[in-house]
Every structure is written in C-alpha cells, then in structure tokens.
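One structure below.
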Amino acid sequence: MEQVNELKRKVLELLKEDARRTPELLATLLGAEEEEVKTAIEQMEKDHVIVKYATVVNWDKVDDERVTALIEVQITPERGRGFEGIAERIYLYPQVKSVYLMSGAYDLLVEVEGRNLREVANFVSEKLSPIDSVLSTKTNFTLKKYKQDGIIFEDHEEDNRLMISP
Amino acid sequence: MITNKTQPSGEQSKSMSSYLSPLVQQIQPSGIRRFFDLAAGSKDIISLGVGEPDFKTPWHVREACVYSLERGFTGYTSNAGMPELREGIASYLDSRFDLNYDPEKQIIATVGGSEAIDLALRALIAPGDEILIPEPCYISYSPITSIGGGIPVGIETFGKDRFKLTAEGLEAKITPRSKILILCYPSNPTGAIMSREDWEPIAKVVEKHDLIVISDEIYAELTYGSNHVSFSSLPGMMDRTILVSGFSKAFAMTGWRMGYACGHPELISAMLKIHQYTVMCAPSMGQVAALEALTNGMEEKDRMVDSYNQRRRLIVKGLREAGLECHEPQGAFYAFPSIAGTGLTSDEFAQRLLREFRVAAVPGSVFGLGGEGYLRCSYATSVSQLNEALERIGAFVAILKKEREN
Numbered sequence: 001m002e003q004v005n006e007l008k009r010k011v012l013e014l015l016k017e018d019a020r021r022t023p024e025l026l027a028t029l030l031g032a033e034e035e036e037v038k039t040a041i042e043q044m045e046k047d048h049v050i051v052k053y054a055t056v057v058n059w060d061k062v063d064d065e066r067v068t069a070l071i072e073v074q075i076t077p078e079r080g081r082g083f084e085g086i087a088e089r090i091y092l093y094p095q096v097k098s099v100y101l102m103s104g105a106y107d108l109l110v111e112v113e114g115r116n117l118r119e120v121a122n123f124v125s126e127k128l129s130p131i132d133s134v135l136s137t138k139t140n141f142t143l144k145k146y147k148q149d150g151i152i153f154e155d156h157e158e159d160n161r162l163m164i165s166p
Numbered sequence: 001m002i003t004n005k006t007q008p009s010g011e012q013s014k015s016m017s018s019y020l021s022p023l024v025q026q027i028q029p030s031g032i033r034r035f036f037d038l039a040a041g042s043k044d045i046i047s048l049g050v051g052e053p054d055f056k057t058p059w060h061v062r063e064a065c066v067y068s069l070e071r072g073f074t075g076y077t078s079n080a081g082m083p084e085l086r087e088g089i090a091s092y093l094d095s096r097f098d099l100n101y102d103p104e105k106q107i108i109a110t111v112g113g114s115e116a117i118d119l120a121l122r123a124l125i126a127p128g129d130e131i132l133i134p135e136p137c138y139i140s141y142s143p144i145t146s147i148g149g150g151i152p153v154g155i156e157t158f159g160k161d162r163f164k165l166t167a168e169g170l171e172a173k174i175t176p177r178s179k180i181l182i183l184c185y186p187s188n189p190t191g192a193i194m195s196r197e198d199w200e201p202i203a204k205v206v207e208k209h210d211l212i213v214i215s216d217e218i219y220a221e222l223t224y225g226s227n228h229v230s231f232s233s234l235p236g237m238m239d240r241t242i243l244v245s246g247f248s249k250a251f252a253m254t255g256w257r258m259g260y261a262c263g264h265p266e267l268i269s270a271m272l273k274i275h276q277y278t279v280m281c282a283p284s285m286g287q288v289a290a291l292e293a294l295t296n297g298m299e300e301k302d303r304m305v306d307s308y309n310q311r312r313r314l315i316v317k318g319l320r321e322a323g324l325e326c327h328e329p330q331g332a333f334y335a336f337p338s339i340a341g342t343g344l345t346s347d348e349f350a351q352r353l354l355r356e357f358r359v360a361a362v363p364g365s366v367f368g369l370g371g372e373g374y375l376r377c378s379y380a381t382s383v384s385q386l387n388e389a390l391e392r393i394g395a396f397v398a399i400l401k402k403e404r405e406n
C-alpha cells in the first residue's frame, strides 16, 4: 500500500470535512501550490485512496420512507479464499450498502437498506440466509441515526460567541 | 435611582457618579463595547470580531469536569490553586518553553489571565509609576493600569516593523518614573511575535533601566512557523518577569476563566495576598478542567492550531486579493490589514463594513497608538464563513475605490 504523504493526508482530512472544496482553496489552506494539490488528488483518485465524493444525508429529514438494518452474519470460510468470495457475493446485491469483516461474535456486518421492513426481511430470508456458507443471521434495524462519518446530525453545539469580543 | 436614606428628606440627592472613584471615572468605555452594541442589533452578520476560539472546549476536558462534579469536588482549593495543577503548569512550561518554576512558591492559578495581570499590576504599582505598554495592544492594559493608580505610557509599534517592539522605541519612552513594561506576544491584535533575537536588545534595556516585566503569553501556543520564545527564558529575565498565561486560547476554554501567573516568589506571594482576599481561589471545577487540558489535551490543541494556520493563510490571501495590504501574522488568530489606502478612518471603515456588508471586524483605533488605519479580523471562524466575509470585504473595497475615483 502506498505511503500517504503529509500533503495527501491533509488534503484527505480537508476533503472529508467538505468534499466540495476546490484545489485552489485546499492549496491556500495548506500553503501549497494548486498544481501540487491537483496532482495529489488525481493520484489518490487513481489509486482508489479517494473512492468517491459522497453526500452525507439525514434521510429522516426527507419525506422518503426507507429503513436500514445492520445484519450480523456468521459464515463458514471457504478453503483457500477465506471470507473474500462470500463477501463479494453479498456486496454485489444493490440493497447492500456496506460490508465489513469483523472480529468477535460474528464474521460479517452487512448494512442493508430497503423501502420498508418487509423488503429488508425478504432480502434476508430469500437472498442472504440461503447462501450455502451462511450459518446464521441476526438483523438489527436502526431506529435513528445520530452520527455518521463523524458528522452529528442534530448538532446542538451552536456558535454562541459574542459578535465582538476583546 | 437608589434612594439615599441617610439624607434629610427634601434634600436633593447627589448624583451617583459623584460617589465613584476618580480612578474609575477617568476610564472610558472600551471601543470594543461600542462596536459590540452596534453589531448586536443587526442580523445575518458574519463576525470577524471575536477574540476567542470557535472550537468548543475539547470533550475530554468538559467530561473530566463533569465527572469531578459528580464526585462532589465542589469546595475551595488552596489559595494558589490545586498543587497538582501548579505542578502540571510547571512541567508544561518546562517542556514547552524551557522555563523552570517552583510550583509551590512561584505559580498561582488565577481567574483567567486577566486576573493575573490585575494582580501583578496591583502588587507592583505605587501611585504615579509609569507603566510602559507597546501598542496596538489588548484593550485592558491601559485601563487597569489607571485603576491601579499607575500612568499608562503607550509605545507605538509600526506595520513596517511588523508590529514588533524595538529597543529604541522602548528606550525613547523611559523616564525615571518608568517601572513596569507590559508585553503581549504573540500579539492581540496584530498577530506579531518576537524571536529570541528580537528580545535580546529589549532585555538589555529592561535590565539597564531596572524594569519589571509583565509578559502576557496567553497566545504562546498559537504560533505558525516558529516556536514562541518566552521573555522570561532570556538570561537574567526570569526574576524580573511575571509570566501570565492561561487556558482560554490554546485549549478553547475562554468561559472557564482559568489562568495563571509565574514569577519571583516574593512577587507571587504579594499577588497571592490580593488574590486570597478578593477571589479566595480560582473555581475548583475550572482547575480540574485545566489540569485535564494540560495532561491530555496536547493532541487536540495541535489539531486546533493546525486549523487556525489553514485559515490564517486563507484570510491573508483573501484580504490581499480584496486590495488591502496585510502583513503575515505569525501568531494568535488575528489578521491586521491596513485600510489606510481606502481614505476612511478605521472606525468609519468598520462601521460601513458592518452596516453595508454585514461583516463585523474591530477598528484598529480601539487598540491604542499605531492602531489607526488598521482593522482587526479574527480568523477563528469557519472556512465557509471566512470565504463569504472575504468576498464581502472585496466588494466593499471595490465600492470605496469607485467612490474615490468619482
């Protein structure tokens, strides 16, 4: 894996805060040349260090019904490939938003999104559970999202400083 | 109006102001206060006028305080502050600035750096003493000198010198009545810092004229590119310097009012007398939080300083692009651009910027000699707010240019 140098690391931190920041702004903030920043970003995009520029959405504020479940999955690893093949099989389903290999009581944590409970339940019973190496599943529906990717959805820490102070 | 019951009925009651100490009566309300009132009624303002971090106190610090309260740590501490806190301050100053203070006899925890400065002045001033104050500077030094019975003597510093104090400038203002020199580097409002080479000739003058120095180093952690050099660390200066600092700026702890003073045991002991008869001790919960900040807060502090540094680059570039001359501030979190070329006084500039473009910044004139013609812009605000403010300032300067051409 490529060693991410200091400039790249700082660029990543600043883009993680706000993906819309331009190379010009990033260069100013970091005291670097704009070209240097552009090259760093292009390189990181090419290397899949930056995988995608996404928007963090608080869907609770949108009139659009959807449910998310975190499913703990126990599986039997395959000879020679371990968990890779089965993880791939699972993450290819469009309903699956994320898949993590975990240490602890289960093997994979699978985040599934659907329009309603039935849709998620159907996915688990019809797609996930029947996979040969899947030993068990435990479905946890999320009730409310408070924080995601370091962003607090209902941040109560407002800037209440005086307008002018010494 | 309070009724004066001791007066015979029917007699005209005296004006309350006639009761006030003449020392207090001579103090003018601060220009910052006046500007605050002006800004207070307006809406949707972007403020570059705030002299405090835009970060909340790091959570681990708040949490340590909450936990201590839950355990009932709510009593007085010793007058000089919890021994653990004073030890923490001593080892912090040693590791960061190469200063060796005895926590038992040379350190006192105070209610903010402000109390420490007040204590130092009150412990030292005899009526009529002259107190030398490089300006532009933090707005309180001159008024609290006057309240303490001293005579403030401003020493103008200049943009061409990047607002550094020079030995010549200092020497020119020294008289037989000069006693104390108040230093504040990194500087509010100019962002100037002093290197060891800058300090050495100053130290010679201080020694030659036998001055005592109060060195307000509240912004010591906020330097960009070079480390802060404490005046106290210069050869021979430790015994004649009262180092004042606190937690407000480095650890985003303004409201906690936690500061400290360090110095010669006799000076600290004199300050402690005033402290114990006035405030008794700094708030115990604040002391717990301060200790936590010193013990586990360095990483978070570095992160905040890094962020200020990014915004410093943004504001300097933005102000220059807007057409204002701006030296590069090396410390604190203020840019101090010149508005002299616009044909307005700093007060007129700031007022119009506020009224017409809804950006609040502080006119340089409120910071004393040498401040006229400048504007203090705090960059302790978010990148998006800074960008918006800089655009508005650019538009305002363009309008001013057109006005001058017509």
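Protein chains in written order, with UniProt numbering: chain A, 1 to 166; chain B, 1 to 406. Think of the CB as a built atom: it goes at the ideal place given N, C-alpha and C, for glycine as much as any other residue.
**Asked** Whose Cβ in chain A lies nearer than 9 Å to the Cβ of K249 of chain B?
**Response** For a Cβ distance threshold of 9 Å, nothing in chain A lies close to K249 of chain B: the least Cβ distance comes to about 12 Å.
**Message:** Taking CB distances under 8 Å as the criterion, tell me whether V244 of chain B reaches chain A.
**Reply:** Closer than 8 Å: no.
**Residue from A:A87, A:E158, A:K147 whose Cα sits closest to the Cα of V57 of chain A** = The option with the nearest alpha carbon to V57 of chain A is A:K147.
**Asked** Looking at the C-beta of S365 of chain B, does it have a partner C-beta in chain A at a distance below 8 Å?
**Response** It does not: the Cβ of S365 of chain B has no partner Cβ on chain A nearer than 8 Å.
**Asked** In the segment 153-165 of chain A, which residues sit with their C-beta less than 7 Å from some C-beta in chain B, listed in chain order?
**Response** From the segment 153-165 of chain A, only E157, D159, R161, L162, M163, I164, S165 have a Cβ closer than 7 Å to chain B.
**Request:** Could you tell me which chain A residues have their CB closer than 8 Å to the CB of A360 of chain B, listed as they occur along the chain?
**Result:** Identification of chain A residues near A360 of chain B by a Cβ-Cβ cut-off of 8 Å yields M163, I164, ordered along the chain.
**Message:** Less than 8 Å between CB atoms is the rule here; does T28 of chain A satisfy it with respect to chain B?
**Reply:** Closer than 8 Å: yes.
**Message:** Among the candidates B:I339, B:L294, B:R376, whose CA atom is the shortest distance from the CA of A361 of chain B?
**Reply:** Nearest of B:I339, B:L294, B:R376 to A361 of chain B, Cα basis: B:R376.
**Message:** Between K147 of chain A and chain B, is the shortest Cβ-Cβ distance under 8 Å, so that the two count as touching?
**Reply:** For K147 of chain A, no CB of chain B lies under 8 Å from its own CB, so it is not counted at the interface with that chain.
**Prompt:** Can you tell me whether DSSP reads I193 of chain B as helix, strand or coil?
**Reply:** Look at I193 of chain B here: in three-state DSSP terms it is coil, with no helix or strand label.
**Beta carbon proximity, A293 of chain B to chain A, threshold 8 Å** = It does not; no Cβ of chain A falls within 8 Å.
**Item:** Best match in B:S378, B:G150, B:L121 for proximity to D129 of chain B [C-alpha to C-alpha]
**Value:** The residue with the shortest Cα to Cα distance from D129 of chain B is B:G150.
**Message:** Per DSSP, what are the beta-bridge partners of K138 of chain A in this structure?
**Reply:** Within the DSSP bridge table, the entry for K138 of chain A names A:E72 as partners.
**Asked** Three-state secondary structure (DSSP) at I268 of chain B?
**Response** Three-state result, I268 of chain B: helix.
**Asked** Can you tell me whether Q28 of chain B is buried or exposed, with buried defined as 16 or more other CB within 10 angstroms of its CB?
**Response** Exposed.
**Item:** Extent of the continuous beta strand (DSSP E) to which G259 of chain B belongs
**Value:** Here the beta strand (DSSP E) through G259 of chain B covers 258-262.
**Message:** Quick check: what's the CA-CA separation for N296 of chain B versus Y185 of chain B?
**Reply:** Pairing N296 of chain B with Y185 of chain B, the inter-Cα distance amounts to about 25 Å.
**Request:** Let me know the secondary structure DSSP gives A335 of chain B once reduced to three states.
**Result:** In the three-state reduction of the DSSP assignment, A335 of chain B falls in the strand class.
**Asked** Which residues in the same chain have their Cβ closer than 6 Å to the Cβ of A121 of chain A, if we skip the five residues on either side of it in sequence?
**Response** Excluding residues up to 5 positions away in sequence, nothing lies with its Cβ nearer than 6 Å to the Cβ of A121 of chain A in the same chain.
**Message:** Quick check on the burial criterion: 16 or more other C-beta atoms within 10 angstroms. Buried or exposed for M1 of chain B?
**Reply:** Unreliable positioning characterises M1 of chain B in this predicted model, as indicated by a pLDDT of 46, which lies under 50. The coordinate reading is nonetheless provided below. So M1 of chain B counts as exposed.
**Item:** Whole-angstrom C-beta distance between E24 of chain A and E34 of chain A, which should lie under 8 Å
**Value:** E34 of chain A to E24 of chain A, Cβ: 5 Å. Contact.
**Request:** Can you give me the Cβ contacts of E200 of chain B inside the same chain, cut-off strictly under 8 Å, excluding the 5 residues immediately before and after it?
**Result:** L234.
**Prompt:** By DSSP, does T223 of chain B sit in helix, in strand, or in coil?
**Reply:** Here T223 of chain B sits in strand by DSSP.
**Prompt:** How about A167 of chain B and M163 of chain A: do their beta carbons lie closer than 8 Å?
**Reply:** Their beta carbons are not under 8 Å apart, which means A167 of chain B does not touch M163 of chain A by this criterion.
**Asked** Hey, how far is the Cα of residue 410 of chain B from the Cα of I202 of chain B?
**Response** Any property of residue 410 of chain B remains undetermined from this structure, which presents chain B solely from 1 to 406.
**Message:** Comparing C-alpha positions only, which one of B:F396, B:S187, B:R86, B:Y67 sits nearest to Y101 of chain B?
**Reply:** Among B:F396, B:S187, B:R86, B:Y67, the Cα nearest to that of Y101 of chain B is on B:R86.
**Item:** Close beta carbons around T3 of chain B, own chain, < 6 Å, minus the five adjacent residues each side
**Value:** Confidence at T3 of chain B is low in this model, with a pLDDT of 49, below 50, so its placement is unreliable and the value that follows should be read with caution. Correct list: empty, nothing qualifies.
**Prompt:** Going along the chain, which residues of its own chain have a beta-carbon closer than 8 Å to the beta-carbon of F123 of chain A, five neighbours each way excluded?
**Reply:** The answer, listed in chain order, is Y93, Q95, V112, G114.
**Request:** Run down chain A in chain order and give the residues with a C-beta less than 9 Å from the C-beta of R355 of chain B.
**Result:** From the beta-carbon of R355 of chain B, no residue of chain A is found nearer than 9 Å; the closest lies around 14 Å away.
**Item:** Contact belief for S133 of chain A with E78 of chain A at Cβ below 8 Å, rounded distance in angstroms
**Value:** Rounded, the Cβ-Cβ distance is 7 Å, consistent with contact.
**Item:** Per-residue burial, S42 of chain B [other beta carbons within 10 Å of its own, 16 or more giving buried]
**Value:** By the 10 Å Cβ count, S42 of chain B comes out exposed.
**Asked** Around the Cβ of W59 of chain B, are there at least 16 other Cβ atoms within 10 angstroms (buried) or fewer (exposed)?
**Response** Burial check for W59 of chain B: the Cβ neighbour count within 10 Å stays below 16, so the residue is exposed.
**Prompt:** Since G148 of chain B and I125 of chain B are thought to touch, with beta carbons under 8 Å apart, how far apart are those beta carbons, to the nearest angstrom?
**Reply:** The C-beta distance from G148 of chain B to I125 of chain B rounds to 5 Å, short enough to fall under 8 Å.
**Message:** Against G31 of chain A, what residues of chain B qualify as contacts under a CB-to-CB distance less than 7 Å, listed in chain order?
**Reply:** By Cβ distance, chain B contributes R313.
**Asked** So, A220 of chain B versus F97 of chain B, is the Cβ gap smaller than 8 Å?
**Response** Their beta carbons are under 8 Å apart, which means A220 of chain B touches F97 of chain B by this criterion.
**Asked** Which residue comes first and which comes last in the alpha helix (DSSP H) that contains K46 of chain A?
**Response** Following the DSSP letters along the chain, one finds K46 of chain A inside the alpha helix (DSSP H) bounded by residues 34-46.
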